[in-house]
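In this note's numbering, the protein residues as written are 1 to 184.
Scroll down for the structure; my scribbles are underneath it.
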């Protein structure tokens, strides 16, 4: 068993000088949570990956969603918060595996778990770790060496091919300021 498609997204916008403070879903201030714009993106991502027009959902709607869990080395909740609205929508309409057991630096174990899944898999993770994660996929294609600090608006996609995997990028184009420019 192996997935047909693996999609990678960076967690949504985090607190900084431009985005303001981090907040939990209940509005409580928390530096380990998403900024307001991040929560907006998280909500929009639910329909991006689970579109109302079902003709487009087969290749975007994940059967399994992975988000970086938090622990002593990383207290960030942002990866989990980014997919919370999507997971809630999927749980209301279908079955979805939601896995937060892996910490952000647990690449080999995460990717072994990902490769044991079937169908479409979505991974929401920290941007610095995304390119190296793909290196754990046997036969993985070349991808950009870094995910830029200021890009929250792209989906990296690995599709299974006869000889391994192909790589593509799909812009989200969900919020003002998002761009279709691929990550290089």
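All C-beta atoms, glycine included, are put in the ideal place defined by N, C-alpha and C.
Please read all numbers here as calculations on a predicted model, not as lab measurements.
For residue 64, the pairing in a beta bridge is given by DSSP as 97, 121. Ranked by Cα distance from residue 167, the options 1, 6, 35 are led by 6. Residue 98 is positioned such that its CB atom lies closer than 8 angstroms to that of residue 87. Of the other Cβ atoms in all chains shown, fewer than 16 fall within 10 Å of the Cβ of residue 59; this residue is therefore exposed. Annotation: the continuous alpha helix (DSSP H) that includes residue 110 extends over 107-115. In the displayed model, residue 177 falls within coil according to three-state DSSP, outside both helix and strand. Residue 82 carries a helical assignment under DSSP once its states are collapsed to helix, strand and coil. With a cut-off of 8 angstroms on Cβ pairs, the region 62-76 is in contact with the region 121-131, counting three or more such pairs.
In this structure, the beta-carbon distance from residue 170 to residue 144 does not fall below 8 angstroms. Boundaries for residue 147: no beta strand (DSSP E) harbours it, and the DSSP string shows neither H nor E there. Pairwise C-beta distances place the region 7-24 in contact with the region 69-87, as three or more of them are shorter than 8 angstroms. Annotated three-state conformation of residue 43 is helix, per DSSP. Contact annotation: the region 125-138 does not touch the region 14-24, with fewer than three C-beta pairs closer than 8 angstroms.
The beta carbon of residue 40 sits closer than 7 angstroms to the beta carbons of 175 from its chain, once the five residues preceding and following it are set aside; these are given in chain order. Distance between residue 112 and residue 159, taken at the CA atoms: about 17 angstroms. Counted as a single uninterrupted DSSP element, the alpha helix (DSSP H) harbouring residue 132 occupies residues 130-134.
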